[in-house]
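Taking it in order: structure first as structure tokens, then the write-up.
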Amino acid sequence: MGRADAYNLVHITTGGEYKTPLVASQLFDQAEWQAVTKEGFAPQKVEAWIIGPMREYFDKESQIKVNNLKARCPHITIRMANGIGRLKMFPVLKLMKQNRLRLGRDIPVIYHCRGEKAAEWASMLRSQFPQDKVVLDVRGYWPAELLYNRGIDDPALAQGADVAAFQKAYTYLREIVGKADAITTVSVALKDLLIKEMNAPANTFVVPCCVSEITSDARRAEIRKSWGVSDEEIVLVYSGSTAAYQHLEDLTIPFLKKLTERNSRIRLAFLSAEVDQIKAMLTAAGVDTTRVILKSFPQKEVAVALTACDAGILIRKPTLVNRVANPVKIAEYLAAGLPIIIEKGVGGVSDVLFDRSLLKRMEITKAGTDINGIAADVNNWLADDIKGKRPQVRDYAKEVYLWSSAIHVSRKMYKSALGS
8 MGRADAYNLV
18 HITTGGEYKT
28 PLVASQLFDQ
38 AEWQAVTKEG
48 FAPQKVEAWI
58 IGPMREYFDK
68 ESQIKVNNLK
78 ARCPHITIRM
88 ANGIGRLKMF
98 PVLKLMKQNR
108 LRLGRDIPVI
118 YHCRGEKAAE
128 WASMLRSQFP
138 QDKVVLDVRG
148 YWPAELLYNR
158 GIDDPALAQG
168 ADVAAFQKAY
178 TYLREIVGKA
188 DAITTVSVAL
198 KDLLIKEMNA
208 PANTFVVPCC
218 VSEITSDARR
228 AEIRKSWGVS
238 DEEIVLVYSG
248 STAAYQHLED
258 LTIPFLKKLT
268 ERNSRIRLAF
278 LSAEVDQIKA
288 MLTAAGVDTT
298 RVILKSFPQK
308 EVAVALTACD
318 AGILIRKPTL
328 VNRVANPVKI
338 AEYLAAGLPI
348 IIEKGVGGVS
358 DVLFDRSLLK
368 RMEITKAGTD
378 INGIAADVNN
388 WLADDIKGKR
398 PQVRDYAKEV
408 YLWSSAIHVS
418 RKMYKSALGS
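For my numbering, count along the sequence shown from 1 and bump the result up by 7.
In structure tokens form, the structure reads like this:
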């Protein structure tokens with residue numbers, strides 16, 4: 008790499024998100040791949056900065072999380088910058104400047120910021136190092152998600168204080184978009200929305216939620232046997248929580264019940280930390296739980312467990328939030344070789360997957376829909392060599408949903424931001 012093309016890369020996260028499995032895979036694993044992948048427009052050094060309150064610097068649980076991340080991602084430098092809330096987070100900016108100086112003044116730094124607050128901090132630091140560039144990574148449409156968490160599906164339905172809250176978040180996002188040197192997001196739908204509503208640049212880049220590796224079928228037969236599943240049975244899996252936006256009680260479980268009533272070869276599996284709650288939901292819906300696989304695994308073991316299944320389930324209402332989002336669940340299913348049964352308009356996935364029949368689109372949330380007819384259609388899709396599609400699914404995941412591929416899209420963005 009010539010000196011004109013040299014740069015360092017810093018991923019920044021705020022709000023305690025570093026403690027979550029999601030950010031471990033979506034920020035820290037991404038940074039690790041940037042560090043170990045040398046071909047292409049590679050950064051010289053890669054760091055991850057965690058900005059948070061001062062108490063986290065001394066908190067034992069927080070330090071354990073950070074040490075676990077360091078062990079998980081040994082090729083990046085992870086630093087904490089902690090401040091006192093009542094003092095406007097002093098001395099965070101001073102600590103960031105010290106961290107920046109460690110990287111040297113001679114080459115620029117790209118700050119890849121998860122969310123608006125991280126980008127705001129990076130913009131303040133950039134004012135002291137004008138050669139540096141700020142990348143805003145928009146992982147969801149937060150103004151609408153704020154309302155969604157309050158039970159409001161669409162901003163047009165908000166009233167009173169909810170309208171004010173939405174407008175504040177909307178204005179803040181638009182302001183930070185205007186400060187960024189480049190924008191990246193998770194789906195074409197969210198890119199289009201950001202361009203239309205936030206005046207984001209036309210060359211906003213799309214990098215979906217990815218995973219680090221494809222999971223082989225090496226333990227598939229062993230796990231299926233331990234679950235009491237025969238070779239002839241088709242295992243449909245839901246992996247995730249019982250959060251309301253997952254629509255387990257009102258959509259997912261009723262539809263899966265219809266499928267099992269039509270096809271005795273179908274077995275249901277739920278992989279979750281909340282299996283007791285899911286079992287209660289199944290019982291309330293009249294599902295025979297003795298034939299349902301209910302398992303809880305540590306996060307790092309979920310990928311292998313998924314390979315024992317035959318298709319994944321993702322049923323959410325196609326609200327604004329869900330239309331532009333790209334759940335990491337999609338990458339996890341595809342990397343395990345699972346075609347996906349998915350509600351129309353959800354997940355920000357490419358039409359290529361439907362054209363190749365690797366995903367099955369349905370529309371059960373539409374008023375007056377024929378659930379029995381949809382169940383029959385899905386059963387026909389499952390009967391069309393569902394298990395034979397596993398290699399094609401994995402091939403697509405390798406192209407689009409692995410960090411080893413996706414980081415090169417980000418590097419094109421970095422190069423553009425630097426004017427190289």
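Built from N, CA and C at the ideal position, the CB exists for glycine as well.
Once you ignore the five residues that flank residue i on each side, which residues in its own chain have a CB closer than 7 Å to its CB?
i	result
LEU425	TYR14, PRO115, LYS140
ILE83	ALA38, GLU39, ALA42, VAL53, GLU54, ALA55
THR296	LYS286, LEU289, THR290
VAL98	Reading off the sequence shown, one finds Pro at residue 98, where the question assumed Val. The answer, listed in chain order, is GLY90.
TYR64	MET87, ASN89
PRO325	GLU350, LYS351, GLY352, VAL353, THR372
ALA172	LEU153
What does a CB cutoff of less than 8 Å around residue i pick up in its chain, not counting 5 residues either side in sequence?
i	result
GLY9	With a pLDDT of only 39 at GLY9, under the threshold of 50, the placement of this residue in the model should not be trusted; the figure read from the coordinates follows. Correct list: empty, nothing qualifies.
VAL385	LEU266, ILE348, LYS367, MET369
VAL30	THR20, GLU24, ARG121
LEU255	TYR245, THR249, ILE285, MET288
ARG133	TYR118, ASP139, LYS140, VAL141
ILE159	ALA165, ASP169
TRP149	GLY122, GLU123, ALA176, LEU180
CYS316	VAL242, LEU243, VAL244, ALA276, ALA343, LEU345
Taking the straight line between their C-alpha atoms, what separation do you get for residue i and residue j?
i	j	result
ASP362	ASP224	25 Å
LEU108	ARG181	30 Å
LYS405	SER411	8 Å
ASP144	LEU100	20 Å
THR249	GLU281	7 Å
HIS258	ASN270	Going by the sequence as given, residue 258 is Leu instead of His. LEU258 and ASN270: Cα-Cα distance of roughly 19 Å.
GLY235	ASN156	39 Å
LEU327	ALA151	7 Å
PRO334	CYS216	7 Å
TYR403	ILE322	21 Å
ALA187	LYS95	22 Å
GLU204	ASP161	15 Å
ASN387	LYS175	48 Å
ALA382	PHE262	7 Å
GLU46	VAL170	48 Å
ALA318	ILE260	15 Å
GLY59	PRO81	22 Å
ALA49	GLY355	28 Å
LEU243	GLN253	16 Å
ALA88	VAL17	13 Å
LYS72	SER423	34 Å
MET131	PRO208	21 Å
Under DSSP, the beta strand (DSSP E) around residue i begins and ends at which residues?
i	result
PHE277	273–278
LYS264	Counting along the chain, LYS264 falls outside any beta strand (DSSP E), though it belongs to the alpha helix (DSSP H) covering 260–269.
LEU321	318–321
VAL299	299–302
Assuming residue i contacts residue j (C-beta within less than 8 Å), just tell me the rounded distance between them.
i	j	result
ALA292	LYS264	6 Å
ILE202	THR211	6 Å
ILE300	LEU275	7 Å
SER32	VAL218	7 Å
VAL184	SER417	About 18 Å separates the two Cβ atoms, so there is no contact after all.
At which residues does the alpha helix (DSSP H) containing residue i begin and terminate?
i	result
TYR155	149–155
ILE159	Run containing ILE159: none; DSSP gives neither H nor E here.
GLU406	397–407
GLY380	378–390
SER411	410–425
VAL440	In this structure the chain extends from 8 to 427, so residue 440 is not present and cannot be described.
GLU239	Neither: GLU239 is in no alpha helix (DSSP H) and is coded neither H nor E.
ILE285	282–291
VAL356	No alpha helix (DSSP H) contains VAL356, which DSSP labels as neither H nor E.
LYS175	168–186
VAL73	67–79
LYS7	A query on residue 7 cannot be resolved here, the shown segment of the chain reaching from 8 to 427 and no further.
Taking the DSSP output, what are the residues bridged to residue i?
i	result
ASN15	VAL116
THR192	VAL145, VAL213
PHE97	ILE91
TRP56	ILE19, ARG86
MET369	GLU350
TYR245	PHE277
Taking 6 Å as the limit between beta carbons, can you name the residues of its chain near residue i, skipping five residues before and five after?
i	result
ARG397	GLY344
LEU200	VAL331
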